[in-house]
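In our numbering, the protein residues as written are 68 to 351. Where a beta carbon is used, it is the ideal one built from N, C-alpha and C, also for glycine. It should be emphasised that the depicted structure is a prediction, and the values quoted were computed from it without experimental measurement. Right, one structure below, let's go through it.
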């Protein structure tokens, strides 16, 4: 089990999971639908199964690339801790469990489950043909708030879309920063990424632009539903973390990329979600 947790980098669920809680409790507190423990558990299971399948497939598909890259050759498949066949089996099992779980939620979630899997699994192939792979990753994680909202309501709405757009821009922006580590490797291996296409400086500028858009999208819900001081406090922390990570990473100094990637973004998502939930419970 420890090996598989390592394979799927389970700690990275800290990015999307808080936004799934946001989508779930947004539905509970802004619609006529009430909180139900079974639906919350099913939502969490969907998040886990989708995350597991996406990351395991990424490691499976990129195993030869990872073996060439000095930064990633210590990952589980290149290092021989997990076989490619085991990773693929783990992927298929989690895909099956994801679809089965959606069956117990509602019809819409079940019908949309193959599309969701196509997005989260398809990301792994995109670096082979487009530098927009970062946006596809953002799109995959952005399904969390919309999907969680659908678990409760079974119908689409505007509010969760704002949070999903915030996630698209946020994740795409910090993935560009993370990809700076592989700029030369990607260029030499004919792999596509924003840093390898635009260079470090312009890639960082694009990341800043995306994070500005993300900040705008977390502010917009305040114009469409009642929010209070806790929500604005969460927005301040979220935006502060976005600014802070760009102060950590400089074109001539990438030594703190991992800290900016994991720590600041983890704080941004978790703290923002906590303030959101506090605000929802106050106003519900």
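- DSSP, read as helix, strand or coil, puts residue 129 in coil.
- Taken in chain order, the whole alpha helix (DSSP H) runs of length 4 or more contained in the stretch 170-218 are 174-193.
- Check the Cα spacing between residue 267 and each of 285, 246 and 117: the tightest is with 246.
- Shown here, residue 320 sits in a strand according to DSSP, grouped into three states.
- Taking 7 Å as the cut-off, the Cβ atoms of residue 183 and residue 259 do not count as close.
- In its chain, beyond the 5 residues on either side, 308, 311 and 312 have a beta carbon closer than 6 Å to the beta carbon of residue 331.
- Proximity to residue 273 across 131, 154 and 237 peaks at 237, based on C-alpha coordinates.
- Membership of residue 348 in the alpha helix (DSSP H) is indicated by the continuous run 332-350.
- One thing to note: residue 239 has its Cβ no nearer than 7 Å to the Cβ of residue 82.
- Note that the C-beta distance between residue 227 and residue 93 is below 7 Å.
- Inter-segment contact for the stretch 247-258 and the stretch 85-105 is absent: fewer than three beta-carbon pairs are separated by less than 8 Å.
- Excluding sequence positions up to five before and after residue 128, its CB lies within less than 7 Å of the CB of 191 and 192, all in the same chain and listed in chain order.
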